[in-house]
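Engineer:
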Amino acid sequence: MKNHIKELREAQNLTQDDLAKLVETSRQTIISLEKGKYNPSIILAYRISKVFNKIIEEVFCFE
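UniProt numbering numbers the first residue of the sequence shown as 1 and each following residue consecutively.
1. Whose C-beta lies closer than 8 angstroms to the C-beta of isoleucine 31 among residues of the same chain, with five residues either side of it excluded?
2. Please name the residue, chosen from Asn3, Lys2, Arg9, that lies closest to phenylalanine 52 on a Cα-to-Cα basis.
3. Taking DSSP as the reference, what is the three-state secondary structure of lysine 37?
4. Around the C-beta of phenylalanine 60, are 16 or more other C-beta atoms found within 10 angstroms, so that it is buried, or is it exposed?
5. Quick check: the Cα distance between proline 40 and asparagine 13, rounded to an integer number of angstroms?
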């Protein structure tokens, strides 16, 4: 699944580790998400979207 996590994260000057801590996951999970190699649970997708003050559809591209 494609997403805009990296762009949003960098726009807020967050490291992968910072984002991982904010959404209560590992840095490795954030790396996998950014590379499109992992599809998040709905709860993780919700937490990530809230960090960026976006709706889930603005962060993740459901194709």
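Backbone N, C-alpha and C fix where the C-beta goes; we use that ideal spot for every residue, glycine too.
Structural biologist: According to the data block:
1. Your numbering for residue 31 matches position 31 in the sequence shown. Contacts found: Gln16.
2. Residue numbering aside, residue 52 sits at position 52 when the sequence shown is read from its first letter. Ranking the options by Cα distance to phenylalanine 52, first place goes to Arg9.
3. Here residue 37 corresponds to residue number 37 of the sequence shown, with the count starting at 1. Here lysine 37 sits in coil by DSSP.
4. Indexing the sequence shown from 1 puts residue 60 at position 60. With 16 or more Cβ atoms within 10 Å of its Cβ, phenylalanine 60 is classed as buried.
5. Counting from 1 along the sequence shown, the entry for residue 40 is found at position 40. Counting from 1 along the sequence shown, the entry for residue 13 is found at position 13. The straight-line gap from Cα to Cα measures roughly 22 angstroms.
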